[in-house]
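Contents: one structure, followed by commentary.
Numbering (my numbering), first residue to last: 3 to 349.
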């Protein structure tokens, strides 16, 4: 069977649609097939997926965002921020697939979606305005976010990255920028928001997107993790605390085979003066630091607590930190005990 890239363009598009549809079927536990019955092919091309209008907006923020604009103007950075804000994102999506992708993502439980459509789609991008108009008729209007920047800044960014411009017009980058501006005239005029990144820092861009699409309430997730130093540091942790100075239940025969999940071990660790003093320092630190991490638009903060094997002290402390933090932090708290179930190796 030939690879999809070896097929004519219209068959590649059908192949991509069938893969998206198959993904949605797997969400629902259905059997999938990559083919379309012969008699239905032409009818399928005329029939658009039905998008439920009631599910396109919720909670005051747009649930469907389309990101477009000039190449090099900051769209990739915007996608990262939208992901942090809870959007399911697809970059470089051909406009003709937007309705299908919305339908499948909703059936897969993704309520907030953001697509990037731009000149990288080549000739497929020519139908972008028509596809957006069709989606408008199916439900509430997509929130169109357009990114722009001055020619000087775009030229500098391309000079720094040495990437090839997707339009690739004869004469180099400047003619390519000019041609891309011409292609995007209608979408820029249609945009709900134009963001000019000429003088914006990454932090300024994050702040702008949070003001547009953030919920206005605390959304930073605090991930609390216990681990054993003998198995290595957790790579996703932002702040690591070493609790190996605490009394070790491993050396108490009746506690050795238990873990920090057991009440006897928990009581042993928490009753020691050093533990109480440690918590007396860490909890005020978290009350001070968490709002400041969130003010930097951090979507997730990883706190890790390590002991030797990750089965006793660190488990107790991680659970206690999570319990107390839930009392004052409005965002989500999740707990992971990375090494608690590892078999103890004795020599």
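Quick reminder that beta carbons are idealized off the backbone N, C-alpha and C, glycines included.
The Cβ neighbour count for residue 330, taken over all protein chains shown within 10 Å, is under 16; the residue is labelled exposed. Measuring C-alpha to C-alpha distances from residue 161 to each of 336, 73, 280 identifies 73 as the nearest. In the DSSP assignment, residue 244 falls within the unbroken beta strand (DSSP E) covering 241-244. In the three-state reduction of the DSSP assignment, residue 195 falls in the strand class. Boundaries of the alpha helix (DSSP H) harbouring residue 295: 275-297, taken from the DSSP string.
In the DSSP assignment, residue 90 falls within the beta strand (DSSP E) that extends over 90-92. Of the candidates 333, 311, 319, 336, 311 places its Cα closest to the Cα of residue 342. In this structure, residue 207 lies away from residue 98, with their beta-carbon atoms at least 8 Å apart.
If you draw a straight line from the Cα of residue 313 to the Cα of residue 116, it is about 41 Å long.
Going by DSSP, residue 336 is part of the beta strand (DSSP E) stretching over 335-339. Under the three-state reduction of DSSP output, residue 64 falls in the strand class. The closest CA to that of residue 248, considering only 255, 297, 264, 319, is found on 319.
About 16 Å separates the beta carbon of residue 281 from that of residue 292, a gap too long to meet the 8 Å contact definition.
Distance check between residue 308 and each of 259, 299, 246, 338 places 246 closest, using alpha-carbon atoms only. The C-alpha of residue 124 lies about 50 Å from the C-alpha of residue 324. Less than 8 Å divides the Cβ of residue 215 from the Cβ of residue 87.
CA-CA distance, residue 276 to residue 297, rounds to 32 Å.
Taking the Cα positions, residue 179 is about 34 Å away from residue 112.
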